[in-house]
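S.K.:
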Amino acid sequence: MTRQIPRQLEAYRDLLNETELNQLLESMNQPLPSGLRVNPLKADAASPKAWQQAYGWQLEQVPFCPTGWQLGNEASNLSRTVEHQMGHYYIQDAASMLPVELFEFKPDAEPSVLDMTAAPGGKTTHLISQLGDRGLVVANDSNLQRISGLKGNLQRWGSTSAVITNQPGERMGRWLPEQFDYVLLDAPCSGEALRTSERHTSRLVSSHERNTLQQRQIKLLESALQAARPNGQVVYSTCSLAPEEDEAVLDALLKRYPEQIEIRPIPQRVPIHAPGLLAAGAQAYAEEVSKALRLWPHLYNTAGFFAALIVKRDQIATPSLERPQQTLAKAGYKAVTNDEQQQIISSLQNYGFNLPALLASQGLSLWRNGKSIQAIPERWLSNFEHFPFVSAGIHIGKLSRHGFQPAHDLASRYAAQFSQQRLTISDQQIDEWLARRDLPIKQRAYPDGSIVVVEDQQQRYLGLGQINANILENLLPHWQ
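In this text, residue positions in the sequence shown follow this note's numbering: the first is 154, and each later residue adds one.
This is how it looks when you write it as structure tokens:
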């Protein structure tokens with residue numbers, strides 16, 4: 154006999170049989186496991202095992218994400234480890250790892266990718282990892298208040314290929330039609346995931362709010378399809394299980410563009426059987442909608458989630474819309490001079506780092522904004538000339554009359570290549586250092602004013618510091 158169900162589950166009573174409903178209820182009464190996704194730009198396949206041993210974690214691999222792990226035990230230190238603060242992993246619910254895994258990326262390709270609603274950046278970092286930081290990833294979000302968090306997460310991840318924009322997603326398809334090989338739309342939604350965590354709390358959602366969200370989701374998905382090239386792929390996802398925000402949105406676009414789009418079956422490498430609904434109440438959906446994934450919480454011990462892989466088979470008529478314009482000069486950028494570039498290259502050589510090799514392999518060019526030196530993807534500059542951006546590429550450092558100071562972003566991403574000018578602190582000093590406090594030093598291996606690479610006794614990179622008499626000044630950025 155089915156037990157009494159909570160109010161927020163009433164709408165789902167008829168979508169599951171009695172056994173499934175009881176399984177769902179049981180899962181909702183269990184704490185949602187914490188999850189993390191490894192950063193292959195900084196960590197390797199052996200890292201999770203090392204973290205288990207170091208921190209006492211019980212890690213279980215997420216079945217649909219090779220770099221994703223769930224914790225089988227409580228881990229109060231998950232956000233306080235050296236590895237997390239230096240961007241070796243991203244804390245993320247397992248269900249949220251699903252959308253990026255649906256894309257069928259071609260090996261060795263360097264595509265253009267749009268993450269239309271990117272903040273806070275979890276799925277953007279996943280895209281960057283899947284592509285090996287190749288190609289171009291445009292991380293857009295319309296909410297200016299969320300941009301700083303997105304920027305901080307991408308800096309911590311260490312990407313060279315990402316560009317952040319702050320534009321309404323509904324217009325991106327008309328501003329940049331058929332410019333992207335892949336588009337991710339993790340749509341703003343009610344968050345009705347039916348399983349709560351610190352990041353996703355349960356609440357009742359009114360029918361008016363749900364209908365308002367649905368209309369916006371339809372507009373965003375249409376924009377995503379417009380932005381994709383013919384034969385390009387679009388992943389639509391929500392952290393809601395409400396059919397109005399999931400199957401109904403796909404159904405609306407299938408009816409609008411029956412010849413131009415199709416929903417692709419879930420790739421075999423994603424071992425999940427959780428088909429989309431063909432009907433909800435009196436509303437019937439196109440048969441193709443069942444190819445989507447409806448990730449009920451009880452299936453894989455996750456929060457509820459919905460995702461679908463859409464292929465754009467043909468062009469979609471897109472009304473032209475004059476795009477916003479902002480030149481690099483107006484944004485405060487100017488090309489680095491040859492003399493400045495040689496000074497930067499020479500300074501980084503003192504650390505053992507080969508900047509010209511990075512610029513050539515990643516397709517970057519150096520630009521100066523005030524004292525700040527940024528390596529910006531040339532592909533962005535050539536393909537999206539004058540389109541406004543918040544940040545692009547990777548921060549190289551600061552150049553002033555006192556010389557060049559390398560950036561934490563660069564040193565953190567390529568810590569192993571910063572093989573010289575390193576200073577080791579004791580394990581007892583790590584917490585003080587990560588709290589951004591200066592440290593006393595007894596033995597001075599470098600002269601006053603030197604910028605050094607700080608490491609611990611395990612040779613883990615901890616940031617940059619500056620020698621000043623018998624003090625190691627902490628240069629960790631504020632976002633760190």
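Note that beta-carbon positions come from the ideal geometry of N, C-alpha and C, so glycine has one too. Quick caveat: nothing in here was measured; it's all calculated off a predicted structure.
Helix, strand or coil: which one does DSSP assign to P264?
M.R.: Coil at P264, not helix or strand.
S.K.: Reducing DSSP to helix, strand and coil, say where E475 ends up.
M.R.: E475 falls in the coil class under three-state DSSP.
S.K.: List, from N- to C-terminal side, the alpha helix (DSSP H) runs of 4 residues or more that fit wholly inside the stretch 335–397.
M.R.: Segments of the alpha helix (DSSP H) lying fully in the stretch 335–397: 360–380.
S.K.: Mind reading off the beta-carbon distance from V442 to I416? Whole number of angstroms is fine, and I expect it under 8 Å.
M.R.: Right, their Cβ atoms sit about 7 Å apart.
S.K.: Quick test of your reading: Q379 and G322, contact by CB under 8 Å. State the CB separation rounded to the nearest angstrom.
M.R.: Not a contact, Cβ separation roughly 11 Å.
S.K.: Closest to D294 by CA distance: which of S312, G274, D286 is it?
M.R.: Cα-wise, what sits closest to D294 is G274.
S.K.: Would you decide whether N306 is buried or exposed? Buried here means 16 or more other CB atoms lie within 10 Å of its CB.
M.R.: N306 is buried by the Cβ-count criterion.
S.K.: Using beta-carbon positions only, say whether E236 and G225 come within less than 7 Å of one another.
M.R.: Not in contact: E236 and G225 (Cβ atoms no closer than 7 Å).
S.K.: Is A401 helix, strand or coil when you go by DSSP?
M.R.: Three-state DSSP puts A401 in a helix.
S.K.: What are the boundary residues of the beta strand (DSSP E) that E626 is part of?
M.R.: It spans 624–627 - the beta strand (DSSP E) in which E626 sits, taken as one unbroken run.
S.K.: Would you list the residues sitting across from E415 in a DSSP beta bridge?
M.R.: In DSSP, E415 forms a bridge with V464.
S.K.: Would you mind listing the beta strand (DSSP E) stretches within the stretch 553–607 that are 3+ residues and don't spill past its ends, in chain order?
M.R.: Counting whole runs of 3 or more residues, the stretch 553–607 contains the beta strand (DSSP E) stretches 556–559, 575–577.
S.K.: Kindly indicate which residue of Q413, A432, L446 has the alpha-carbon position closest to the one of P420.
M.R.: Of the candidates Q413, A432, L446, the one whose C-alpha sits nearest the C-alpha of P420 is L446.
S.K.: Please report the distance separating the alpha-carbon of Y410 from that of I469.
M.R.: Roughly 8 Å between the two C-alpha positions.
S.K.: Using CA coordinates, which residue listed in N623, W586, H539, L592 is at the minimum distance from T318?
M.R.: Residue H539 is the option with its Cα nearest to T318.
S.K.: Could you tell me which residues DSSP puts in a beta bridge with Y243?
M.R.: The partner list for Y243 (beta bridge, DSSP) reads R190.
S.K.: When you compare each of L512, A196, G523 to I547 by their alpha carbons, which one comes out closest?
M.R.: Considering only alpha carbons, the answer is L512.
S.K.: Straight-line CA distance for S565 to W586?
M.R.: If you take the alpha carbons of S565 and W586, they lie about 15 Å apart.
S.K.: Going by other Cβ atoms of all chains shown within 10 Å of its Cβ, with 16 needed for buried, is D399 buried or exposed?
M.R.: With 16 or more other Cβ atoms within 10 Å, it is buried.
S.K.: In this structure, does DSSP put H451 in helix, strand or coil?
M.R.: DSSP places H451 in helix when its eight states are reduced to three.
S.K.: Can you name the start and end residues of the beta strand (DSSP E) that L224 belongs to?
M.R.: Note, L224: beta strand (DSSP E), 221–224.
S.K.: Is DSSP giving W520 helix, strand or coil here?
M.R.: Three-state DSSP puts W520 in a strand.
S.K.: Looking only at C-alpha atoms, which of Q496, R422, S525 sits nearest to E254?
M.R.: Closest option to E254, Cα to Cα, is R422.
S.K.: Per DSSP, what kind of secondary structure is V215 in: helix, strand or coil?
M.R.: Here V215 sits in coil by DSSP.
S.K.: Report the partner residues of Q436 according to the DSSP bridge assignment.
M.R.: According to DSSP, Q436 bridges with A433.
S.K.: Going by DSSP, name the residue or residues bridged to K651.
M.R.: Outside the displayed range of the chain (154 to 633) lies residue 651, so it cannot be described from this structure.
S.K.: Per DSSP, Q298 is paired with what?
M.R.: According to DSSP, which records beta bridges pairwise, Q298 is partnered with nothing at all.
S.K.: Quick check: the stretch 198–218 against the stretch 161–181, are there 3 or more CB pairs under 8 Å?
M.R.: The stretch 198–218 vs the stretch 161–181: no contact.
S.K.: If you reduce the DSSP assignment to three classes, tell me which class Q161 lands in.
M.R.: Reduced to three states, the DSSP call for Q161 is helix.
S.K.: For A292, list the residues DSSP reports as bridge partners.
M.R.: D268, I317, per the DSSP bridge assignment.
S.K.: Return the bridge partner residues of S544 from the DSSP annotation.
M.R.: According to DSSP, which records beta bridges pairwise, S544 is partnered with I317.
S.K.: Between the stretch 472–489 and the stretch 502–510, can you find at least three pairs of beta-carbon atoms closer than 8 Å?
M.R.: No: fewer than three Cβ pairs fall under 8 Å.
S.K.: Could you check what DSSP says for P530 in three-state terms: helix, strand or coil?
M.R.: Note: P530 maps to strand in three-state DSSP.
S.K.: Take N536 and list the residues in its own chain whose beta-carbon comes closer than 8 Å to its own, dropping the five residues that flank it on each side.
M.R.: Excluding positions up to five away in sequence, the list reads S265, L289, Q332.
S.K.: Check each candidate in R324, N296, P252 and name the one with the smallest Cα separation from Y335.
M.R.: Checking every option, the nearest Cα to that of Y335 belongs to P252.
S.K.: Kindly indicate which three-state DSSP category Q619 falls into: helix, strand or coil?
M.R.: Strand.
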